[in-house]
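Structure, as structure tokens:
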């Protein structure tokens, strides 16, 4: 494969994944509004198109066409960079996520993944840790007390929970002996559901620690203090309007999807079937690829559903509770999980 | 390909470093430092040190610099002021730095048997790195971790000391 072909394939893959990701983000918003509506015994969006299915497109058009207001007191360069940084980091991390079996057509590099990186897991962690700046700079450059308070809360929360998040993944990495996401999935796919890291792998505690830390990382309920509406009017994006506000909004939902993807890959066998070899694989490449894509999307969808369900049911934490929970419970538990997993692996 | 990337990111790195010195607002300087660190991570990657590159971004650009910006935001540090001291530091500082760098470079260039680093496709995998770290370099590795532990305990002790004074020695 020449370098020109490689570049063309890469551009194609990036374009397709970006479009799919942005559509997924738009429809996750609709999913949330619909589900929260049903939880609160109302309909949610139902006017635009059948079942309100065109609502995200109309919302997008609205954000584009609204007047773009920049308040007078802001520090302009950073105020303008912050939403780009937030959305950019949220979209980049999907680049190392594998969506399905490595198939290739007509001498192409493996489809269903933009880049197969040796240190895929670390890349995701690194990109998310850069994403903090989008929020921190947005709050500071807005020059408003609500924004600054929201940004400070958010950065403190992100820095605290990043530790528990990173440590909870070490058990999985120890079991797989690799940071490559494909290797991690293939290692747990031998017997279907029985060997998934969450069941056969004994990483069930790690999974729950990861899930809680990830909810805090994405600023989602019950840890949504950075944008607690009743106290901060909107948190770090109080002073943003139109498309710039929409970019923060999209970044949040893109991060949710990434968290769902990582949880699926690390704990739930990625794109592999839960029934293992009980269902023999089709001999057709397209059916196998489609089936793997189906399982992956189904699992990620389940995580998004859980996100909305949790938001619809749980009240918000108090700030000191949040910090205590992160440092005194999640982090020690994550360290215990590492020790236990290491002992088990050494004993085996 | 490697050479082009090296030149581009070395350029970013230098531009960030110069911008860091020229900016008068602390938050701009902090952001320039982040640019420097991220482009350094790319240079590590070009040299085949993938784990080091990721660790550089996660630890330095992601965690430590967040604390920097945090402090700048909390203290609401404004533009720097030129005083007699800072002017003197400007006059003496640059020649001094150049002299020290020249000495270090001369010593390194004249030392024999240091091994070479070159831009390459070969990548030192994380397994190889950890194998060396936990066998050949075990003692320095553990000593460093103890050093960091001492620093953590010191920080906790200092913070606790302040707390006791404020609450009246409870």
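Protein chains in written order, with the working numbering: chain X, 54 to 401; chain R, 13 to 182. For every residue, glycine included, the Cβ atom is placed at its ideal position computed from N, Cα and C.
Using the C-alpha atoms, what's the distance from residue 176 of chain X back to residue 218 of chain X?
14 Å
Is any beta-carbon of chain R found at less than 8 Å from that of residue 172 of chain X?
yes
The stretch 265-277 of chain X contacting the stretch 202-215 of chain X, beta-carbon criterion three pairs below 8 Å:
yes
Say whether the stretch 139-150 of chain X touches the stretch 200-209 of chain X, bearing in mind that this needs 3 or more beta-carbon pairs closer than 8 Å, one atom from each stretch.
no
Would residue 386 of chain X and residue 227 of chain X be called neighbours here (beta carbons separated by less than 8 Å)?
no
Touch test, the stretch 163-174 of chain X against the stretch 57-75 of chain R, Cβ-Cβ under 8 Å, three pairs minimum:
yes
According to DSSP, what are the bridge partners of residue 136 of chain R?
R:61
Any idea if residue 182 of chain R is buried or exposed, counting beta-carbon neighbours within 10 angstroms, 16 or more meaning buried?
Any reading at residue 182 of chain R must be qualified, since the residue scores a pLDDT of 47, below 50, and its modelled position is unreliable; no value is offered.
Under the three-state reduction of DSSP, which class applies to residue 128 of chain X: helix, strand or coil?
coil
In three-state terms, what does DSSP make of residue 377 of chain X?
helix
Beta carbon proximity, residue 205 of chain X to chain R, threshold 8 Å
yes
Tell me the rounded alpha-carbon separation between residue 377 of chain X and residue 276 of chain X.
13 Å
Compare the C-alpha of residue 253 of chain X against each of X:240, X:263, X:264, X:265 and name the closest.
X:240
Can you confirm whether residue 63 of chain X, when its beta carbon is compared against all beta carbons of chain R, has any partner nearer than 8 Å?
no
Residues, ordered as in the chain, of the stretch 24-48 of chain R that lie near chain X by beta-carbon distance below 9 Å
37, 39, 40, 43, 46
Closer than 8 Å to chain R by CB, residue 193 of chain X:
yes
At a cut-off of 7 Å, is residue 152 of chain R close to the ligand SAM when judged by its beta-carbon and the heavy atoms of the ligand?
The ligand SAM is absent from the structure shown, which contains no ligand whatsoever.
Could you tell me which of X:367, X:104, X:284, X:296 sits nearest to residue 117 of chain X, measuring between CA atoms?
X:296
Do residue 375 of chain X and residue 234 of chain X come within 8 Å of each other at the CB atom, strictly closer than that value?
no
Spatially closest choice to residue 137 of chain R from R:119, R:18, R:66, by CA coordinates
R:66
Would you grab the beta carbon distance between residue 402 of chain X and residue 81 of chain X for me? Rounded to a whole angstrom, and I think it's under 8 Å.
The structure shown does not extend to residue 402 of chain X, since chain X is modelled only from 54 to 401, so the question has no answer here.
Where residue 154 of chain X falls: helix, strand or coil (DSSP)
coil
Quick check on the DSSP output: the alpha helix (DSSP H) that includes residue 268 of chain X runs from which residue to which?
257-270
Find out if the Cβ-Cβ distance for the pair residue 78 of chain X, residue 307 of chain X is shorter than 8 Å.
yes
Could you check whether residue 131 of chain R and residue 37 of chain R sit closer than 8 Å to each other, using their CB atoms as the reference points?
no
In the stretch 49-83 of chain R, which residues sit with their C-beta less than 7 Å from some C-beta in chain X, listed in chain order?
62, 63, 66, 69, 70, 73, 74, 75, 78, 81, 82
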